[in-house]
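This report refers to the structure that appears directly beneath it.
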Amino acid sequence: MELKRALEQHIAVFGESGSGKTVMISSFYGAKQESQYLKDSLFHVVADETGQGNRLHRNYLGMRNSARLPAHDRFSATSYSFSIKLKDGFDPKAMKSSPFDALRLVWHDYPGEWFEEDVSGPEEAQRRVDTFRSLLGSDVALLLVDGQRLLDNAGEEERYLQSLLANFRNGLLSLKDELLEGGKPLVEFPRIWIMALSKSDLLPDLDVFNFRDLLIEKAGEDINALREVLAGLVEGSDALSVGEDFVLLSSAKFGAEKIEVAKRIGLELILPMAAILPFERHLRWARAKQIPGKVAENLLSGAGTLAAALIGNKFQPPGPVGPLLRLVGLVFSKEVVNAAVQLAGDKLRKANSEALAKNDYMTATLTGFRMDLEQGEKEQILLRSQR
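Under this note's numbering, read the sequence shown as residues 259 to 645, first letter to last.
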């Protein structure tokens, strides 16, 4: 079938050297190539660049079969593009009426060394700026807190956390003049910055509420200072969430002679967070009138199509639309967006079951993503902002 349109979501991952970014993306991709996942899932995750996919899969197999960690590439800035392709068996009629028929995730990996060390010269300084510009279209950013470093500083966690956040803050300040052309704030910029605990398997007694409380107690002022720096980069800083969402992540359970890659935490939330969190948050900000016009046009450009796909083929041709809906999708009615926003709990599970029964895999996948977020909160590995 000819590809009609892809809904593309970007996620940027920031973490210091050794915080587990390479292991994380290798585990994320490799687990989705396992035979059981391919059998049970409604979709395949395919690397758009075959060489990248092979390298990530090889990293995963090295961990699974030989307890071998991936090699660390210093100062390696890489973007990975994955297509989420629906399995055979879907209803062509449902796909024909869907506002899009494919999903794509672009994962930007920003080198941790650029937050920890000075650049070697003008060429590397320019490469750092260019790399950051390449991820400005990201909807979500993950700031990794290294579980091993928290363990190493047990009882004095503020020493590590304050240093980590200061490095992020100073790294962003060093880029500010280069990023803001003519001093004008950025319209396109990651708006949701999630605090993510990597290697969370090392802290099994720490749930997401404990993680949040630890950060606020030990480094709350530093999180506020980081938000101020980010707010100074963007237009419409009220539409910015920094340190309000929290997630626990673990790529595997690591032993002295064995890496149990099946024992992951939170990695199944990566796709749902990239696809659904921006939709929910941007509409909430728009309703609260926290987004200036130019910013709203940028943030809400795909919200109407995602809303229509979430509720399936239950909408009527639109009549006159209000100002918000002109921004949201231009062709979808207020009822469509409201129905999608309110889809939760039993209504969400019912919509997912109906989509599965009709072989409407796109709606089933998106409602499944939203169910995954609800389950993540129930299991206390995800905490979403209510703002």
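Glycine residues also receive a C-beta, built at the ideal position from the N, C-alpha and C atoms.
Residue i: which of the options sits nearest, CA to CA?
i: residue 317; options: 296, 509, 298 and 643; result: 509
i: residue 521; options: 487, 393, 289 and 444; result: 289
i: residue 554; options: 567, 363 and 536; result: 536
i: residue 456; options: 264, 642, 277 and 640; result: 277
i: residue 432; options: 498, 390 and 323; result: 390
i: residue 435; options: 475, 383 and 421; result: 383
i: residue 645; options: 569, 467, 544 and 417; result: 544
i: residue 549; options: 373, 445, 292 and 440; result: 445
i: residue 597; options: 541, 641 and 507; result: 541
i: residue 518; options: 372, 498, 309 and 459; result: 459
i: residue 466; options: 507, 487, 500 and 488; result: 507
i: residue 490; options: 336, 441 and 481; result: 441
i: residue 524; options: 475, 631, 611 and 565; result: 631
i: residue 569; options: 311, 614, 424 and 473; result: 614
i: residue 462; options: 481, 406 and 423; result: 406
i: residue 515; options: 380, 305 and 322; result: 322
i: residue 335; options: 527, 294, 275 and 312; result: 275
i: residue 480; options: 421, 447 and 468; result: 421
i: residue 404; options: 393, 498, 419 and 619; result: 419
i: residue 303; options: 291, 312, 381 and 310; result: 291
i: residue 538; options: 556, 294, 526 and 564; result: 564
i: residue 655; options: 634, 620 and 633; result: Because the chain is modelled from 259 through 645, residue 655 falls outside the range shown and cannot be assessed.
i: residue 394; options: 468, 611 and 557; result: 557
i: residue 392; options: 345, 346, 410 and 447; result: 447
Looking at the strands, I want to know which residues DSSP matches up with residue i.
i: residue 452; result: 400 and 503
i: residue 269; result: 365 and 398
i: residue 512; result: 517
i: residue 339; result: 364
i: residue 281; result: In DSSP, residue 281 forms no bridge with anything.
i: residue 264; result: 360
i: residue 344; result: 301
i: residue 641; result: 504
i: residue 657; result: Any question about residue 657 goes unanswered here, given that the chain covers just 259 to 645.
i: residue 492; result: 444
What's the gap between the Cα of residue i and the Cα of residue j?
i: residue 438; j: residue 408; result: 34 Å
i: residue 617; j: residue 477; result: 48 Å
i: residue 314; j: residue 360; result: 22 Å
i: residue 496; j: residue 320; result: 45 Å
i: residue 513; j: residue 279; result: 19 Å
i: residue 493; j: residue 443; result: 5 Å
i: residue 504; j: residue 402; result: 10 Å
i: residue 639; j: residue 412; result: 21 Å
i: residue 636; j: residue 485; result: 28 Å
i: residue 415; j: residue 483; result: 18 Å
i: residue 266; j: residue 287; result: 17 Å
i: residue 511; j: residue 552; result: 45 Å
i: residue 642; j: residue 373; result: 26 Å
i: residue 386; j: residue 371; result: 10 Å
i: residue 475; j: residue 341; result: 40 Å
i: residue 329; j: residue 338; result: 17 Å
i: residue 324; j: residue 264; result: 37 Å
i: residue 623; j: residue 600; result: 17 Å
i: residue 527; j: residue 380; result: 38 Å
i: residue 294; j: residue 326; result: 23 Å
i: residue 424; j: residue 500; result: 15 Å
i: residue 417; j: residue 369; result: 22 Å
i: residue 306; j: residue 312; result: 11 Å
i: residue 498; j: residue 473; result: 19 Å
i: residue 603; j: residue 388; result: 42 Å
Identify the continuous alpha helix (DSSP H) that holds residue i and give its terminal residues.
i: residue 633; result: 619-636
i: residue 390; result: 380-392
i: residue 445; result: That residue, residue 445, is in no alpha helix (DSSP H); it is neither H nor E in DSSP.
i: residue 530; result: 528-545
i: residue 294; result: 293-298
i: residue 324; result: 308-324
i: residue 476; result: 466-489
i: residue 646; result: Examination of residue 646 is not possible in this model, given that the chain is present from 259 through 645 alone.
i: residue 458; result: First-last for residue 458: undefined, no H or E at that position.
i: residue 613; result: 603-615
i: residue 435; result: 415-437
i: residue 408; result: 405-410
i: residue 374; result: 371-374
What are the boundary residues of the beta strand (DSSP E) that includes residue i?
i: residue 302; result: 301-305
Taking only beta-carbon positions, decide if residue i is within less than 9 Å of chain D.
i: residue 429; result: Of the protein chains in this structure there is only one, and it is not chain D.
*asked:* For the pair the stretch 450-460 and the stretch 388-403, tell me if three or more CB-CB distances fall below 8 Å.
replied: yes
_Quick check: the stretch 623-630 against the stretch 530-543, are at least 3 beta-carbon pairs closer than 8 Å?_
yes
_Pairs of beta-carbons, one from the stretch 278-296 and one from the stretch 607-621, closer than 8 Å: are there three or more?_
no
*Three-pair Cβ contact test at 8 Å for the stretch 271-280 versus the stretch 363-373*: yes
*Indicate whether the contact test is met: 3 or more Cβ pairs, each with one atom in the stretch 419-431 and one in the stretch 297-305, closer than 8 Å.*
no
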